[in-house]
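Sequence order for the protein chains is A, B and C.
Under our numbering, the first residue of the first sequence is numbered 515, with each subsequent residue one higher.
Under our numbering, the first residue of the second sequence is numbered 21, with each subsequent residue one higher.
Under our numbering, the first residue of the third sequence is numbered 138, with each subsequent residue one higher.
Note that CB positions come from ideal geometry on N, CA and C, so glycine has one too.
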Amino acid sequence: MTIWIVFALMTGAVALAVLWPLARVRAAPGGSAPGDEDLGFYRSQIDDIAREAARGLIGPAEAESARTEAARRLIRARAAAPAGPDGSEPALRRRRAASAFAISMIPLVSLGLYGAFGSPHLPAQPLEARLTVDPTQLSLADAVGRIEAHLARNPDDGRGWELLAPVYLRLGRAQDAASAYGRALSLLGPTPERLVDQAEALVLAGDGVVSAEARKAIDTALAQAPDMAKARYYRALAMEQDGDREGARAAFAALARSAAADAPWLPMVRARLAALDGTATGSTADPAIRAMVESLAARLAAGGGDAESWARLVRSYAVLGEREKAAEALASARRELAADPAALARLGTLATEFALTERR
Amino acid sequence: MLIEAGHYALVLALAVCIVQTIVPVWGARRDDAALMEMGAACALASFACVAFSFVALSHAYLVSDFSIRNVVENSHSQKPLIYKLTGVWGNHEGSMLLWVLVLTVFAALVALSRRSLPARLRANALGVQGAIAVAFLLFVLVTSNPFSRLSPAPFEGRDLNPILQDPGLAIHPPLLYIGYVGLSIAFAFALAALIEGRIDAVWARAVRPWTLAAWAFLTLGISMGSYWAYYELGWGGFWFWDPVENASLMPWLAATALLHSVVVMERREALKVWTIFLAILAFSLSLVGTFLVRSGVLTSVHAFATDPGRGAFILGILTVFIGGGLALFAWRAPLLRQGGLFAPISREGALVVNNLLFSTACGTVLIGTLYPLALEAAIGAKISVGPPFFNLTVGAIALPLLLLLPFGQQLAWKRGDALGAAQRLMAAFALAIVAVLATFAFARGGPVLAPIGVGIGAFVAIGAVVEISGRAFGRGVPLRVALSRALGLPRSAWGTAAAHFGVGVTVLGLAAAAWGTETLVVMKPGDRASVGPYVATLERVVPRSLANYREDVGVFALTRADGTSAGTLDASKRLYLTRNMPTTEAGIRTVGLSQIYVSLGEAEPGGIGVRLYYKPFVLLIWIGSLFMAAGGFWAMTDRRFRVGAPVRAAVPQREARA
Amino acid sequence: MSQTIATRRPMTRKSRRLVMIGTALAVLAVALGLVLFALRDSIVFFYGPTAIAEKGIAPGTRLRLGGLVQPGTVVREGDQTVRFSVGDGNRTMTVAYRGLLPDLFREGQGVVAEGVLQPDGSFRADSVLAKHDENYMPREVADELKKQGHWQDGAKPK
């Protein structure tokens with residue numbers, strides 16, 4: 515509301531300033547005759563020439579020629595000046611018309627255009643003030659913004675980059691996550707975990723493709739920690755994508771054998787194995803499980819599902835090897851739960867876990 | 021709130037300018053003093069509004085308010101304070117706001133010079149300026165609004181283009197804009213004269229200081245821009261005949277012609293129609309320049325953000341103002357009364373030749389700049405017109421211009437004495453010949469034409485000295501009398517001489533460029549390379565990390581041929597982190613008026629690529645332009661133009677109270 | 138004053154005007170000739186690799202070659218000589234250049250090289266320009282901004 519009062523005051527002040535000469539010139543005793551200004555101009559010019567010449571600022575010859583010239587024009591201007599008092603009827607009408615024009619034009623044009631281009635509802639948001647807001651009030655995106663601002667000031671804070679990277683991943687900013695891991699790697703030195711995390715981010719950023727850069731990070735990690743399951747998984751995936759299906763199958767199988775029975779990533783490995791065996795797309799799955807999943811999907815499609823159910827649906831599809839459907843479910847879940855940052859973060863983790871990427 | 025108030029103020033300024041376009045012109049037709057005064061009030065009010073809005077935007081930059089898109093796109097919270105501020109006009113939207121601000125500043129100044137301008141001329145000129153302001157305010161609001169907001173606001177901006185993070189940016193665009201927009205005053209006066217149907221010496225006297233100011237600012241702006249490109253781009257060149265540079269050169273050439281023809285008008289009331297035409301042309305060319313730069317129709321090495329929509333809008337403005345101006349000219353110019361007579365060999369005649377050559381130069385630059393555009397439209401082929409074209413044509417036109425300059429200055433008004441002028445110039449000519457011979461004798465290498473260039477530069481510079489000394493000293497005049505006579509010469513005479521001297525100095529600097537050297541080598545620490553008469557040793561390469569960039573600095577030691585040290589210089593290769601953008605920072609060591617210029621390239625097998633230049637007397641180029649601008653400013657303060665200017669004590673009490 | 142001059146010199150308004158117009162025309166004619174002469178020698182055509190192949194441009198022709206620097210083709214051969222391929226999505230052409238590359242030269246970005254077409258179908262450049270733009274930013278960053286809603290669609294001037 516205050517902003518509209520401010521606008522009204524500004525408009526009023528400007529309109530007053532514009533109309534000021536009307537009031538002033540009319541109030542002058544007798545007014546000034548039209549053409550007076552010209553006469554005054556030449557008269558004062560002649561006076562000034564005399565003054566300057568007297569002070570020796572311009573030469574006598576120049577002064578003389580300037581004076582005659584001004585005098586000639588003075589005579590011409592006097593001859594041209596029409597007579598007629600200023601307060602005449604047409605003059606008053608003109609002034610009324612001019613002031614009506616100005617008074618209507620200024621608010622109409624300015625409010626109309628401002629209505630079209632302005633954003634009166636947005637407050638100013640200086641950075642300083644935004645950075646001192648209580649942290650618990652922050653949304654995830656704002657929190658990330660603050661960490662980013664901190665890192666912009668201290669680009670050599672490796673720990674900061676390492677903390678930020680998984681958050682990026684959860685937010686779906688895989689490319690940023692990869693470069694943040696890259697910064698952490700160069701500042702804190704390579705460990706197998708960091709290398710694999712970076713590789714994972716790169717794979718996600720590349721829509722599931724294990725790039726040469728990711729492959730290099732994985733190989734380096736495996737050279738240091740040959741048993742690392744995550745690294746082995748991605749290497750197997752890389753082999754699969756390179757067309758080495760046999761090698762990939764062997765690697766996945768070895769990974770599955772070495773896994774503990776309750777390893778959370780085991781279903782993923784199984785799904786890959788199933789896909790490689792050509793038995794994927796649910797044909798091996800128990801029809802009962804399938805029916806359960808479909809009914810869950812139908813229920814959620816009707817609306818009102820909570821984060822837990824959505825996560826279960828995504829997970830189920832992924833385990834069944836129906837990656838298309840899983841990605842689809844993930845996308846709808848993100849739409850449904852857009853208002854719940856915790857749920858979004860959870861979905862993000864899920865997406866990472868199954869290397870699901872959404873097509874946008 | 022401040023930011024929205026700033027936005028509103030801009031809209032308010034537009035509304036006020038609409039009133040300013042209509043009311044004073046109407047008042048002038050009806051001879052109504054009150055309505056004419058309303059024009060002045062409007063100009064002051066719109067200036068206040070635009071200034072407020074500029075302050076609001078600058079404030080948003082200073083506090084890094086990232087809810088404004090313009091700030092997000094061009095600023096960064098970690099940027100040094102000075103670049104936060106210069107970032108305001110380091111981008112399209114902000115620079116157009118600055119353009120409008122300068123426009124309203126000039127309109128406000130016209131509004132305030134109540135006593136030095138005839139009322140109707142002032143009212144009509146304010147009306148024309150109001151119309152220009154309306155067009156550009158609409159352009160800013162509709163196509164390039166600096167106040168558009170983002171919600172939710174990001175926490176960090178994208179930083180200003182690193183090339184623009186330089187003190188050069190703080191001064192170069194504002195100077196250039198003051199020049200461009202200053203020409204709008206000459207345009208407004210020309211149109212006002214046409215509307216009124218009256219043009220005389222009073223008009224010329226009123227226009228001359230404004231034109232001088234615009235010209236001097238334009239000169240400074242172009243020369244600063246050229247020095248900035250010289251040290252920032254790392255190519256060692258100072259003028260590339262790039263469309264953007266041509267866009268600023270064309271109005272300058274037209275303004276220079278205008279400056280000289282206004283002198284003829286003021287003294288002799290001749291060349292009226294031509295002067296009016298030049299005033300329209302000069303501003304039209306600065307509009308064309310704005311169009312070329314902002315629309316992206318020409319590919320340029322410094323193509324800043326370009327946008328066809330904006331181009332179309334500016335093209336519209338261009339058509340309205342150039343078309344309108346020329347139509348009014350065609351309609352009213354025949355009514356103007358003929359001026360005084362003069363013989364072909366006279367000061368007027370010399371100034372006519374000057375005008376002819378300057379407009380021809382302007383025309384050839386225009387052809388060279390637009391030819392690619394026309395050819396592409398006609399046959400679809402993409403071409404570029406390179407520096408050889410411009411060097412040849414502009415060089416060929418500049419040659420007679422420079423040779424005739426000192427002669428013109430020696431000719432009398434109405435009817436001159438060519439032989440007498442030549443006799444008075446004997447000394448200058450003899451000294452110039454000595455300079456040529458000395459250059460031949462002492463300088464090694466370089467093309468044959470270069471010593472002749474030195475001779476021409478010397479002739480022009482000494483001719484300018486003769487301009488003053490000839491008027492003060494005479495046979496048998498005692499030194500004291502001569503000195504006081506020289507000091508008593510009008511400021512415009514001194515200003516003219518200074519500007520012409522500057523031309524000579526710049527020509528000397530350009531001629532000396534022929535003895536420059538350029539070496540391309542791969543160096544590793546400890547390696548040596550010769551640059552002109554010096555030897556540069558790469559001592560070490562050190563990495564450095566600062567607020568928003570990292571750099572590798574190559575430290576070079578310079579030694580003279582005899583082994584003594586000539587100092588060190590640092591050249592660096594920077595990486596700006598936010599935009600992940602590399603820049604080259606040339607290392608420059610100034611020795612006297614010459615410079616040694618080193619820029620670093622990429623890491624190579626076996627070292628780092630280094631380009632070394634020796635630039636003898638290169639500073640003369642810019643020193644000359646400083647002389648020109650200073651001459652312009654000095655002439656502007658001449659008493660004769662201020663005859664009739666407000667004198668404090670003379671202000672009547674009535675006005676003082678109001 | 139002007140009358141005395143006019144009587145002393147047989148220079149009427151008409152003849153004065155003729156002298157002026159004559160001088161102007163002479164200067165303009167010379168300038169026009171100069172412009173035409175200079176234009177013939179100093180215009181340089183701009184082509185992409187495809188256009189060069191299609192038009193069958195003769196080797197030895199001076200021209201400007203424009204396109205994208207093909208990723209992975211930049212080879213530094215030492216002594217500041219660089220070799221890279223420029224492509225327009227259809228064909229590519231090898232460019233050799235000796236000198237410092239502009240700061241904005243990088244793989245995948247637009248570039249304009251001016252030089253001479255060689256008999257072997259390659260291109261020897263003597264100057265290389267990379268376009269710079271105040272809105273230059275890596276694509277990834279722009280995409281990320283878009284995803285995060287920091288960037289409204291259509292906001293980026295094209």
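Minimum C-alpha distance to residue i - residue among the options
i: Ile589(A); options: Glu603(A), Tyr556(A), Arg608(A); result: Tyr556(A)
i: Glu176(B); options: Ala455(B), Phe86(B), Leu578(B); result: Phe86(B)
i: Gly185(C); options: Val232(C), Arg243(C), Phe242(C); result: Val232(C)
i: Met270(B); options: Ala173(B), Met285(B), Ala302(B), Phe297(B); result: Ala302(B)
i: Ala764(A); options: Leu702(A), Ala568(A), Arg749(A); result: Arg749(A)
i: Val91(B); options: Ala611(A), Leu641(A), Ala593(A); result: Leu641(A)
i: Val783(A); options: Arg746(A), Gly819(A), Ala811(A), Asp758(A); result: Arg746(A)
i: Thr384(B); options: Ile194(C), Pro256(C), Leu176(C); result: Leu176(C)
i: Gly159(C); options: Leu376(B), Ile616(B), Thr579(B); result: Leu376(B)
Rounded separation between residue i and residue j - CA only
i: Glu808(A); j: Pro740(A); result: 40 Å
i: Leu195(B); j: His96(B); result: 25 Å
i: Arg860(A); j: Arg684(A); result: 8 Å
i: Thr734(A); j: Val723(A); result: 18 Å
i: Arg610(A); j: Ala432(B); result: 55 Å
i: Gln738(A); j: His112(B); result: 52 Å
i: Gly150(B); j: Met648(B); result: 31 Å
i: Pro535(A); j: Leu241(C); result: 57 Å
i: Asn249(C); j: Leu810(A); result: Strictly speaking, residue 249(C) in this sequence is Val, with Asn absent from that position. C-alpha separation (whole angstroms): 58 Å.
i: Ser171(B); j: Thr124(B); result: 32 Å
i: Gly814(A); j: Trp824(A); result: In the sequence on display, residue 814(A) carries Leu and not Gly. Distance between the alpha carbons of Leu814(A) and Trp824(A): 7 Å.
i: Arg592(A); j: Gln559(A); result: 15 Å
i: Gly796(A); j: Arg771(A); result: Confidence at Gly796(A) is low in this model, with a pLDDT of 43, below 50, so its placement is unreliable and no value can be given for it.
i: Val282(B); j: Arg228(B); result: 7 Å
i: Ile517(A); j: Ala638(A); result: 12 Å
i: Met515(A); j: Arg849(A); result: 35 Å
i: Arg330(B); j: Leu716(A); result: 39 Å
i: Gly761(A); j: Leu769(A); result: 12 Å
Per-residue contacts from residue i into chain B (C-beta, under 7 Å)
i: Glu662(A); result: Phe175, Glu176
i: Leu237(C); result: Ser619, Gly621, Gly629, Arg631
i: Asp178(C); result: Pro408
i: Pro637(A); result: Met21
i: Glu642(A); result: Val83
Contacts that residue i makes with chain A (C-beta to C-beta distance below 7 Å)
i: Asn709(B); result: Residue 709(B) lies beyond the residue range present for chain B, which begins at 21 and ends at 678; the question has no answer from this structure.
Within chain B, partners of residue i - CB distance below 8 Å
i: Phe221(C); result: None at all; the shortest Cβ gap to chain B is about 12 Å.
i: Arg587(A); result: Asp220, Val222
Within chain A, partners of residue i - CB distance below 8 Å
i: Met58(B); result: Val532, Leu533, Pro535, Leu536, Ala612, Ala616
Neighbour list for residue i in chain B, Cβ cutoff strictly below 9 Å
i: Met524(A); result: Ala25, Tyr28, Ala29, Leu32, Cys69, Phe72
i: Gly686(A); result: None at all; the shortest Cβ gap to chain B is about 16 Å.
i: Ala190(C); result: Result: empty, since nearest Cβ-Cβ is about 16 Å, beyond 9 Å.
Residues that residue i contacts on chain C, provided the C-beta gap is smaller than 8 Å
i: Glu624(B); result: Arg213, Gly215, Asp216, Gln217
Cross-chain neighbours of residue i in chain A, by beta carbon under 9 Å
i: Leu98(B); result: The sequence given here has Gln at residue 98(B), not Leu. By Cβ distance, chain A contributes Ala663, Ala666, Arg667.
Scan the region 164-224 of chain B and note each continuous alpha helix (DSSP H) run of 4 residues or more that stays entirely inside, going in chain order.
Counting only runs of 4 or more residues that sit fully inside the region 164-224 of chain B, the alpha helix (DSSP H) segments are 187-216, in chain order.
Do the region 480-496 of chain B and the region 521-529 of chain B meet, that is, are 3 or more Cβ pairs less than 8 Å apart?
Between the region 480-496 of chain B and the region 521-529 of chain B, the count of C-beta pairs closer than 8 Å reaches three or more; the two stretches touch.
Given 8 Å, three or more beta-carbon pairs between the region 176-190 of chain B and the region 211-227 of chain B:
Under the Cβ criterion (8 Å, minimum of three pairs), the region 176-190 of chain B does not count as touching the region 211-227 of chain B.
Measuring CB atoms only, is the region 64-71 of chain B touching the region 133-147 of chain B, in the sense that at least three cross pairs come out at less than 8 Å?
Two segments are said to touch when three or more pairs of C-beta atoms, one from each, lie closer than 8 Å; by this definition the region 64-71 of chain B does not touch the region 133-147 of chain B.
Any contact of the region 451-467 of chain B with the region 534-547 of chain B, i.e. 3+ C-beta pairs under 8 Å?
Under the 8 Å Cβ criterion, the region 451-467 of chain B counts as touching the region 534-547 of chain B, having at least three qualifying pairs.
I want to know whether the region 564-577 of chain B touches the region 588-599 of chain B - three or more CB-CB distances under 8 Å.
Result yes; three or more Cβ-Cβ pairs closer than 8 Å.
Do three or more CB pairs link the region 161-180 of chain C to the region 217-227 of chain C at distances below 8 Å?
They do not touch, by the three-pair rule.
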